[in-house]
Amino acid sequence: MAELILYLGGAKSGKTALAQARAETFPAPRVYLATAQALDDEMAGRIRRHQGERGPDWSTLEVPLDPDLALAALPGSGPVLFDCLTLWLSNLLGEDPDPERALARVRRLARAARQYGGPVIIVSNEVGGGIVPENALARQFRDLAGSANQRLAAEADQVVLAVAGLELKLK
Amino acid sequence: MAELILYLGGAKSGKTALAQARAETFPAPRVYLATAQALDDEMAGRIRRHQGERGPDWSTLEVPLDPDLALAALPGSGPVLFDCLTLWLSNLLGEDPDPERALARVRRLARAARQYGGPVIIVSNEVGGGIVPENALARQFRDLAGSANQRLAAEADQVVLAVAGLELKLK
Amino acid sequence: MAELILYLGGAKSGKTALAQARAETFPAPRVYLATAQALDDEMAGRIRRHQGERGPDWSTLEVPLDPDLALAALPGSGPVLFDCLTLWLSNLLGEDPDPERALARVRRLARAARQYGGPVIIVSNEVGGGIVPENALARQFRDLAGSANQRLAAEADQVVLAVAGLELKLK
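Chains as they are written, first to last, in the working numbering: chain A, 2 to 172; chain B, 2 to 172; chain C, 2 to 172.
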């Protein structure tokens, strides 16, 4: 039975490093589901550097649009780290601007996490703590990200809020 | 003796749903003090839909400007849900741009909550967690909302921070 | 052996008042390391007013650029309140736009705090909780502030998150 763990946090809150450390408490092999895309040389360099930092016990799947399908198809029972939900939502809206369809994909991701044979650790940004954005698309994205976080938090066995590299247990 | 309970949270943090569930732990009848205004058809539709979702045990008072006066005049001892403080502050500033006078109204609201015969549950946005806004009015609003939240949190018997639909008890 | 205590919080979260109250649990004399600069009359008035509110047990050092050096040179063992880290980072970037050099100064501040003969209480803003800023400099500042907060939180003996004037203990 899969365990679903959600790491929430603001920008540079340390959420990815904490989530990765958590994944490394489970035995290898480990899979990193990456939503970042190597759209330019700088980004490609960052991605390669992060892969190097994770070390040889990790394999990386680049799944900017279909991490839900990739997770559903994944064999094995090693820990899976999905980084990150909010970037994926942003990628999805770039292909199809309907937030309802994006939210349906989040539900599919939660289902795939439940059905996977090992622990699934999902990283997501908290983006609702500031002033109302002037930009309508930013407001829509903020609502979508908040709804997606609520959905996954409801499904998750554990939810952790990262603040300044420290963990605050929410569930 | 009235009980004052404050639900804080960012956008789409689940604060209203949690506050409503909390209000429903107290016996009916229940009063919803609404600060949202039906300024257009879309908003009117949303307001009607939310009213329907709350069900027949709730009555709704639309008080975009005077929830403090409405609460002070309210008979009975059923739970009152005030949703939400930050939208009210925004409505007040639309009528009178002086933040000091808006803050005086917040103090009056706290007093009315204390004097009411039953539990009062107030929902408010956390808006101070982002980068400093470039817009001066946004900065002023952010300061006002933060001061109002501090004021009510100091008066409240319980304060809950909503994160991704989960409750974090602050007081 | 110095004690390092970090107070984090959003705008108007009450973090400075809580940090000051904490400093006042340690015996006088107390030193306030101020990063705000009296660049105009309004700011000069605010600074004088805050100094008055802190009372005669406090002395104030205005160190907009060099609180790390000031702290390293400070004799005595009374409590030191440094307010605030994020404004200091902003002052530093105004002199030298390289975030890596600013982060090196943060490490030097942490070292000075460790070597000081009494408790050091540092106030800092949480700025990563909103939507991604459109402005590239704002994004860079947000990343720097988050990295600096993580660095100090890792070094600190205690870390407190201020929300609506209430304390949430993170460490």
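Note that beta-carbon positions come from the ideal geometry of N, C-alpha and C, so glycine has one too.
Looking only at its chain, what residues have a beta carbon closer than 6 Å to the beta carbon of residue i, apart from the 5 residues adjacent to it on each side?
i, result
"Gly11(A)", "Glu127"
"Gln38(C)", "Pro65"
"Val124(A)", "Tyr8, Lys16, Thr17, Ala20, Asp84 and Cys85"
"Arg102(B)", "none"
"Asp158(C)", "Glu4 and Leu5"
Please state whether DSSP places residue i in a helix, a strand or coil.
i, result
"Asp41(A)", "coil"
"Ser125(A)", "strand"
"Lys16(C)", "helix"
"Asn136(C)", "coil"
"Glu27(A)", "Checking the displayed sequence, the identity of residue 27(A) turns out to be Phe instead of Glu. Coil at Phe27(A), not helix or strand."
"Ser78(C)", "coil"
"Gly11(C)", "coil"
"Gly56(C)", "coil"
"Asp97(A)", "coil"
"Gly131(C)", "coil"
May I ask which residues mark the beginning and end of the beta strand (DSSP E) holding residue i?
i, result
"Val62(B)", "One point to set straight first is that residue 62(B) is Leu, not Val, in the sequence displayed. Start and end: Trp59 to Glu63."
"Leu34(A)", "Arg31 to Ala35"
"Lys170(A)", "Leu167 to Lys170"
"Asp84(B)", "Val81 to Asp84"
If you drop the 5 nearest sequence neighbours on each side, which residues of the same chain put their C-beta closer than 8 Å to that of residue i?
i, result
"Leu189(A)", "Here chain A has residues from 2 to 172 only, and residue 189(A) is not among them."
"Arg115(A)", "Ala3, Leu5 and Glu156"
"Ser60(B)", "Pro30, Arg31, Val32 and Tyr33"
Per the DSSP calculation, residue i is bridged to which residue(s)?
i, result
"Ile6(B)", "Ile122(B) and Gln159(B)"
"Val164(A)", "Leu167(A)"
I'd like the span of the alpha helix (DSSP H) that includes residue i, first residue to last.
i, result
"Leu104(B)", "Pro100 to Gln116"
"Leu72(B)", "Pro68 to Ala74"
Which residues in the same chain as residue i place their Cβ atom closer than 7 Å to its Cβ, once the five residues preceding and following it in sequence are excluded?
i, result
"Leu75(C)", "Val32, Val81 and Tyr117"
"Asn92(C)", "Thr36, Pro65 and Leu66"
"Glu63(A)", "Ala35"
"Ala179(C)", "Here chain C has residues from 2 to 172 only, and residue 179(C) is not among them."
"Gly129(B)", "Arg143 and Gly147"
"Asp58(C)", "Ala29, Pro30 and Arg31"
Should residue i be counted as a contact of the ligand ADP given a C-beta to heavy atom distance under 8 Å?
i, result
"Asn136(B)", "Absence of the ligand ADP is noted for the structure shown, with no ligands found whatsoever."
Report task. Please confirm if the stretch 104-115 of chain B is in contact with the stretch 57-72 of chain B, defined as three or more CB-CB distances below 8 Å between the two stretches. Result -> yes
Report task. Could you tell me whether the stretch 126-142 of chain B touches the stretch 132-148 of chain C, where touching means 3 or more Cβ pairs closer than 8 Å? Result -> yes
Report task. With 8 Å as the limit, tell me which residues of the stretch 132-145 of chain C have their beta carbon closer than that to any beta carbon of chain D; keep them in chain order. Result -> Chain labels in this structure do not include chain D; the protein chains are A, B and C.
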